[in-house]
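Chains as they are written, first to last, in numbering that gives the first Met the number 0: chain Z, 0 to 422; chain C, 0 to 422.
Protein chains: 2
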Amino acid sequence: MRIAPVVTLLLSLAAAAAQAPADADVARVRSHPKFAQAMAALDADHDRLVREIVTLTEIPAPPFGERARGDAYLEMLRAHGLANVERDAEGNVMGLRRGAGSGPLIAIAAHLDTVFPEGTDVTVKRDGTRLMAPGIGDDTRSLAVLLAMIRAMDAAGIQTTADILFVGDVGEEGLGDLRGMKHLFQKGPYTGRIDLFISMDGAGAGDDITHGGVGSRRYRVTFKGPGGHSYGAFGLVSPAFAMGLAIAKFSDVIVPRSPKTTFNVGVVGGGTSVNSIPFESWMEIDMRSESPVELQTLERTFQRLMREAAEEENRLRSTAQGRIDVDLKLIGDRPSGETPRDSRLVQVAAAAVRASGMQPTFGYSSTDSNIPISLGIPAITIDSGGRGGRAHSLDEWIDVEKTASLRGIESALVLLLTLAGVS
Amino acid sequence: MRIAPVVTLLLSLAAAAAQAPADADVARVRSHPKFAQAMAALDADHDRLVREIVTLTEIPAPPFGERARGDAYLEMLRAHGLANVERDAEGNVMGLRRGAGSGPLIAIAAHLDTVFPEGTDVTVKRDGTRLMAPGIGDDTRSLAVLLAMIRAMDAAGIQTTADILFVGDVGEEGLGDLRGMKHLFQKGPYTGRIDLFISMDGAGAGDDITHGGVGSRRYRVTFKGPGGHSYGAFGLVSPAFAMGLAIAKFSDVIVPRSPKTTFNVGVVGGGTSVNSIPFESWMEIDMRSESPVELQTLERTFQRLMREAAEEENRLRSTAQGRIDVDLKLIGDRPSGETPRDSRLVQVAAAAVRASGMQPTFGYSSTDSNIPISLGIPAITIDSGGRGGRAHSLDEWIDVEKTASLRGIESALVLLLTLAGVS
Numbered sequence: 000m001r002i003a004p005v006v007t008l009l010l011s012l013a014a015a016a017a018q019a020p021a022d023a024d025v026a027r028v029r030s031h032p033k034f035a036q037a038m039a040a041l042d043a044d045h046d047r048l049v050r051e052i053v054t055l056t057e058i059p060a061p062p063f064g065e066r067a068r069g070d071a072y073l074e075m076l077r078a079h080g081l082a083n084v085e086r087d088a089e090g091n092v093m094g095l096r097r098g099a100g101s102g103p104l105i106a107i108a109a110h111l112d113t114v115f116p117e118g119t120d121v122t123v124k125r126d127g128t129r130l131m132a133p134g135i136g137d138d139t140r141s142l143a144v145l146l147a148m149i150r151a152m153d154a155a156g157i158q159t160t161a162d163i164l165f166v167g168d169v170g171e172e173g174l175g176d177l178r179g180m181k182h183l184f185q186k187g188p189y190t191g192r193i194d195l196f197i198s199m200d201g202a203g204a205g206d207d208i209t210h211g212g213v214g215s216r217r218y219r220v221t222f223k224g225p226g227g228h229s230y231g232a233f234g235l236v237s238p239a240f241a242m243g244l245a246i247a248k249f250s251d252v253i254v255p256r257s258p259k260t261t262f263n264v265g266v267v268g269g270g271t272s273v274n275s276i277p278f279e280s281w282m283e284i285d286m287r288s289e290s291p292v293e294l295q296t297l298e299r300t301f302q303r304l305m306r307e308a309a310e311e312e313n314r315l316r317s318t319a320q321g322r323i324d325v326d327l328k329l330i331g332d333r334p335s336g337e338t339p340r341d342s343r344l345v346q347v348a349a350a351a352v353r354a355s356g357m358q359p360t361f362g363y364s365s366t367d368s369n370i371p372i373s374l375g376i377p378a379i380t381i382d383s384g385g386r387g388g389r390a391h392s393l394d395e396w397i398d399v400e401k402t403a404s405l406r407g408i409e410s411a412l413v414l415l416l417t418l419a420g421v422s
Numbered sequence: 000m001r002i003a004p005v006v007t008l009l010l011s012l013a014a015a016a017a018q019a020p021a022d023a024d025v026a027r028v029r030s031h032p033k034f035a036q037a038m039a040a041l042d043a044d045h046d047r048l049v050r051e052i053v054t055l056t057e058i059p060a061p062p063f064g065e066r067a068r069g070d071a072y073l074e075m076l077r078a079h080g081l082a083n084v085e086r087d088a089e090g091n092v093m094g095l096r097r098g099a100g101s102g103p104l105i106a107i108a109a110h111l112d113t114v115f116p117e118g119t120d121v122t123v124k125r126d127g128t129r130l131m132a133p134g135i136g137d138d139t140r141s142l143a144v145l146l147a148m149i150r151a152m153d154a155a156g157i158q159t160t161a162d163i164l165f166v167g168d169v170g171e172e173g174l175g176d177l178r179g180m181k182h183l184f185q186k187g188p189y190t191g192r193i194d195l196f197i198s199m200d201g202a203g204a205g206d207d208i209t210h211g212g213v214g215s216r217r218y219r220v221t222f223k224g225p226g227g228h229s230y231g232a233f234g235l236v237s238p239a240f241a242m243g244l245a246i247a248k249f250s251d252v253i254v255p256r257s258p259k260t261t262f263n264v265g266v267v268g269g270g271t272s273v274n275s276i277p278f279e280s281w282m283e284i285d286m287r288s289e290s291p292v293e294l295q296t297l298e299r300t301f302q303r304l305m306r307e308a309a310e311e312e313n314r315l316r317s318t319a320q321g322r323i324d325v326d327l328k329l330i331g332d333r334p335s336g337e338t339p340r341d342s343r344l345v346q347v348a349a350a351a352v353r354a355s356g357m358q359p360t361f362g363y364s365s366t367d368s369n370i371p372i373s374l375g376i377p378a379i380t381i382d383s384g385g386r387g388g389r390a391h392s393l394d395e396w397i398d399v400e401k402t403a404s405l406r407g408i409e410s411a412l413v414l415l416l417t418l419a420g421v422s
């Protein structure tokens, strides 16, 4: 998911200069008679959108377990009359809405996977217009919104100049490490063919434009030792103690607020029984920064602290049966980069937000767009409208109150139609 | 398992006085012609003993998953011609070798369970007389030794005065919390009927006599917090950070060497994904002491440190979305106590060890005997002969070199026959 972009306060001069034609292009789309028809269709269709959000949310889609939700979404894409509806070798499902044939190929995607492991209760609870369930905003609402956009274009009889590829992709979250995007852009049937990319990720008003990829480095850290009986072998070095110390040291690291730099201990594990000194304790950690330099600094500090903790444990307790070793395995590496503020893609997105009565904010995050951006393909991440919060927590929620919900979709539709051209 | 008993150097005067009749009783059993026949049978039978150790070791018996090994052992007990071969409601399997009918009921047990989780490779690797596999010494060798003892008594035509109950019990390790013993002595068909209890636990020469139960207190500690996205919600309190700090503090606690007092962080877990701040991180911890007072002191320190760690995390990071709470759940409580050094049971055990040419050592540990001891039933824990090491680690081993292997069994058999009386 993408969240909380940092607002860039200074608009560059170049961006200011690029603004005028984008506003004019957006205005042209919005004044097209078919656009009003499309918005009327979205309005009439809103209950179905909400139903489909619930349906998709209640199909569990843990990391590496998106198959069932992918099956359902594949059928939905097929039911929406797209061409070349297929699942690629990585598990992405997609279909093409053909344009007049002379335009670029635009891909717009929402991710199928959630961060929640198998067995998480994904039943949607409803309180008025507020819907609560793990994954509902990140990123299930977007999957349903893409379908609603197709229906609205169809209802209004809109033919675009460009072809538009609608994608439900896998592996955006966690250890997925953007595997869906890596396949789409580097191995799948559309390799080398996508000209522009939009990721719709997370519920939110629709005013956030993420045009930069926050780089991340992820590690699985494993402390290994001899293990032994908790009573009989008491006094031997313990991987659990080394890891506790490592976490305590890591949690004390000071990172800059700007460029925003973060770190996390996500999952921890290891040990065989309460009365055994573990022979292995492990944790998965995530580090991110808007700045590649800050990320590298943080990564070096992290590596040093892990080794220090292991060494400290080896000094404190007996190594008679063996020492604590620490293994640092890189499990995630998301490149950073940006689609420039003065690019046509970012400019049109900003104009579309403004035209919907909002003020765009520009930011960096770590999303599916990191991959096309790293390949030099213009890409941004937007949100799917409405309101939402507590992503990645069990009390994740969205609000589907119609006015705010439609405003965000409107902005996304205007962006897509302006880029794709209405014949 | 039971290991590394502390040698009590001072023999009490009462114990010294009790020594003479025990030595005489042991000498009488050893000079019985049928005893020599039994030892000859054990010698001839040694290869079968080793085969059965391997067979039983290779049937996985994780905590709460002893069923398959219990099935196999039940059939073995039946094949050894015991009476009332049965499995009780908790999963203990047992059978009775009837005596002349006028003696006490003696129970001798080895535990079916290992500390190793499902999926652990339990294939036995062999290098000469050295056998390596998780659980092979603790306590699988003992299960096979009990069968060999039955065969030796049968081969020699020995009838005892007492009835002897042979038991393969469940739940000795870890979270099992002695559930097998609790059932045997407090709920099962033999409740109130067992007069003496011997636990055979762990490979070793056979000179260790554990006559005191080391009390233990075990907790599952759960740190809970609001959770959130690793990047977007960075700065919120983290249960993983709180737990790391808690482990670091706990690992620094100073405990007395004597009375021996220990603590351990065994299993750790929690977290949903690498890029989510966990909403829950947990660990299972074990504390033991020969002294109830020291155990209580350690337990209070532990509880204070857990709360301090949670509070420190709440001070260090944002509690805007919720605070870190810590939940301390008692998951294990083994009583302490002792079978006195001058009791007939301990005296006979010591005399049997001496008669086999070894010097007895007396100690405290946490074993199946804790339960009968806490109920006032004389009980000790002995080992099963041979050599062994690295219990509770993946490189656990035993040595089945015949001389040392038989010496330990001899001592155990003499103990059992002296207590049971040879008709």
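From the three backbone atoms N, C-alpha and C, an ideal C-beta is built for every residue, glycine too.
Neighbourhood of residue i by C-beta distance below 7 angstroms, restricted to the same chain and skipping five residues each side
| i | result |
| --- | --- |
| G308/C | The question names Gly, but residue 308/C in the sequence shown is Ala. Cβ neighbours of A308/C beyond the five flanking positions: A241, L244, A245 and K248. |
| R97/Z | A82 and D162 |
| S342/C | P377 |
| S215/Z | D285, M286, R287, G331, R333 and S365 |
| G420/Z | G102, T159, T160 and A161 |
| H31/Z | V421 |
| M152/Z | A37 |
| P20/C | none |
Same chain only: Cβ atoms within 6 angstroms of residue i, ignoring 5 sequence neighbours per side
| i | result |
| --- | --- |
| R140/C | I52, A202, S383 and I397 |
| A351/C | V25, S410, V413 and L414 |
| D194/Z | P103 and L104 |
| I416/Z | According to the sequence provided, residue 416/Z is Leu. The question's Ile does not apply to it. These residues qualify, in order along the chain: V28. |
| V92/Z | G69, Y72, L73, R86 and G167 |
| M131/C | K124 and W396 |
| L294/Z | G214 and S288 |
Identity of the residues DSSP links to residue i by a beta bridge
| i | result |
| --- | --- |
| P222/Z | One point to set straight first is that residue 222/Z is Phe, not Pro, in the sequence displayed. DSSP output for F222/Z lists S280/Z and V325/Z as bridge partner(s). |
| S138/C | It should be pointed out that residue 138/C corresponds to Asp in this sequence rather than to Ser. For D138/C, which the question treats as bridged, DSSP gives no partner whatsoever. |
| N91/Z | Paired residue(s): none; N91/Z is not in a bridge. |
| Y363/Z | G211/Z |
| E451/Z | This structure leaves residue 451/Z out entirely; chain Z is present only between 0 and 422. |
| S275/C | H228/C |
Distance CB(residue i)-CB(residue j) smaller than 7 angstroms
| i | j | result |
| --- | --- | --- |
| P62/Z | G187/Z | no |
| A411/Z | G136/Z | no |
| M177/Z | I370/Z | In the sequence as presented, Met is not what sits at residue 177/Z; that position holds Leu. Yes. Within cutoff. |
| T318/Z | V220/Z | no |
| M180/Z | D367/Z | yes |
| G167/C | G336/C | no |
| V169/C | D112/C | yes |
| P277/Z | P339/Z | no |
| G90/C | E65/C | yes |
| P55/C | L142/C | Looking at the sequence itself, residue 55/C is Leu, so the reference to Pro does not match. In contact: L55/C and L142/C (Cβ atoms closer than 7 angstroms). |
| L261/Z | F233/C | Reading off the sequence, residue 261/Z comes out as Thr, not Leu. Yes, these two residues count as a Cβ contact at 7 angstroms. |
| D138/C | H110/C | yes |
Neighbourhood of residue i by C-beta, 8 angstroms cutoff - its chain only, sequence neighbours within 5 removed
| i | result |
| --- | --- |
| V264/C | I246, F249, S250, M282, E283 and I284 |
| S275/C | G226, G227, H228 and S229 |
Whole-number beta carbon distance between residue j and residue i, since they are thought to touch under 8 angstroms
| i | j | result |
| --- | --- | --- |
| I157/C | I379/C | That belief does not hold up - the Cβ atoms of I157/C and I379/C are roughly 22 angstroms apart, past 8 angstroms. |
| G385/Z | G407/Z | 6 angstroms |
| T122/Z | V114/C | At roughly 37 angstroms, the Cβ-Cβ gap does not stay under 8 angstroms, so T122/Z and V114/C are not in contact. |
| V325/C | G268/Z | That pair is no contact at about 19 angstroms. |
What residues from the region 167-188 of chain C come within 7 angstroms of chain Z, judged by C-beta to C-beta, listed N to C? E172, G173 and L174
Beta carbons nearer than 8 angstroms to chain C: which residues of the region 377-392 of chain Z have them? Within the region 377-392 of chain Z, contact with chain C at the beta-carbon level (separation under 8 angstroms) is assigned to R389, A390, H391 and S392.
Give me the subset of the region 197-231 of chain C whose CB atoms are less than 7 angstroms from a CB atom of chain Z, sorted by chain position. V213, R217, P225, G226, G227, H228, S229, Y230 and G231
Check distances from the C-beta atoms of the region 260-275 of chain C to those of chain Z and list, in chain order, the residues that come in under 9 angstroms. T260, T261, F262, N263, V264, G265, V266, V267, G268, G269, G270, T271, S272, V273, N274 and S275
For the region 322-353 of chain C, which residues have a beta carbon sitting closer than 8 angstroms to at least one beta carbon of chain Z? I330 and G331
Anything in the region 83-104 of chain Z with a Cβ closer than 9 angstroms to a Cβ of chain C? List those residues in chain order, please. none
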